[in-house]
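Report on one structure; see the data block that follows.
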Amino acid sequence: MERTLSIIKPDGVGRGLVGEVVKRLEASNFKIAAMKMIYMTKAQAQGFYAVHRERPFFESLTDFMCSGPAVVMVLEGEDIIAKYRELMGATNYKEAAPGTIRADFATDIEKNVVHGSDAPETAAFEIGYFFNAFEITG
Ligand code: UDP
Ligand code: MG
7 MERTLSIIKP DGVGRGLVGE VVKRLEASNF KIAAMKMIYM TKAQAQGFYA
57 VHRERPFFES LTDFMCSGPA VVMVLEGEDI IAKYRELMGA TNYKEAAPGT
107 IRADFATDIE KNVVHGSDAP ETAAFEIGYF FNAFEITG
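Here the numbering used here is used: the first residue of the sequence shown is 7, the next is one more, and so on.
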């Protein structure tokens with residue numbers, strides 16, 4: 007059993023894609039163990055993406071992440087980190103496999119609709135960043 011953090015980023019929420027993303031999660035039989043809407047501050051976005059702080063896109067990315075509300079979820083299941091990343095598609099939507107969320111909906115390498123953790127250690131950090139144990143009820 008594994009957990010991963012999913013975010014429907016501000017572009018996804020703003021464009022009315024929450025239902026579409028959740029529909030795809032449910033159609034894939036992914037268990038949603040927690041879900042809430044948040045509105046990140048700049049500092050919160052910087053902390054969340056601290057691993058990327060030296061990258062040229064950090065400033066723009068953290069501005070984007072606090073430009074509107076986002077939906078954060080904890081997904082749970084066997085091999086869920088890899089399975090959810092497969093459903094999302096590659097970071098660059100131009101390289102994402104057909105039928106993935108990013109291939110179907112992303113408009114930009116930055117505005118790519120969704121986030122997913124990339125390893126068990128990052129998932130543990132990212133889930134703890136937005137949820138306490140009492141909020142993971144599913
Ligand atoms: N990103 C960007 N430019 C890049 C690479 C990444 O704007 O050249 C953004 C994009 O929104 C991506 C996020 O930074 O989702 C985190 O990058 P990462 O490499 O961790 O990709 P992910 O794990 O989200 O696929
Ligand atoms: Mg990443």
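Beta carbons are placed, not taken as given, at the ideal position from N, Cα and C, and that holds for glycine.
- Going by C-alpha positions, E82 is about 10 Å away from Y90.
- With contacts defined by Cβ atoms closer than 8 Å, E8 and I133 do not form a contacting pair.
- Of the residues G122, C72, P62, E32, the one whose Cα lies closest to the Cα of A49 is C72.
- At least one heavy atom of the ligand UDP falls within 7 Å of the beta-carbon of N118.
- The ligand MG has no heavy atom closer than 7 Å to the beta-carbon of D17.
- Beta-bridge analysis with DSSP links E82 to R9, K37.
- Ranked by how close their Cα comes to the Cα of Y45, the residues K100, I13, I115, F64 have I13 in first place.
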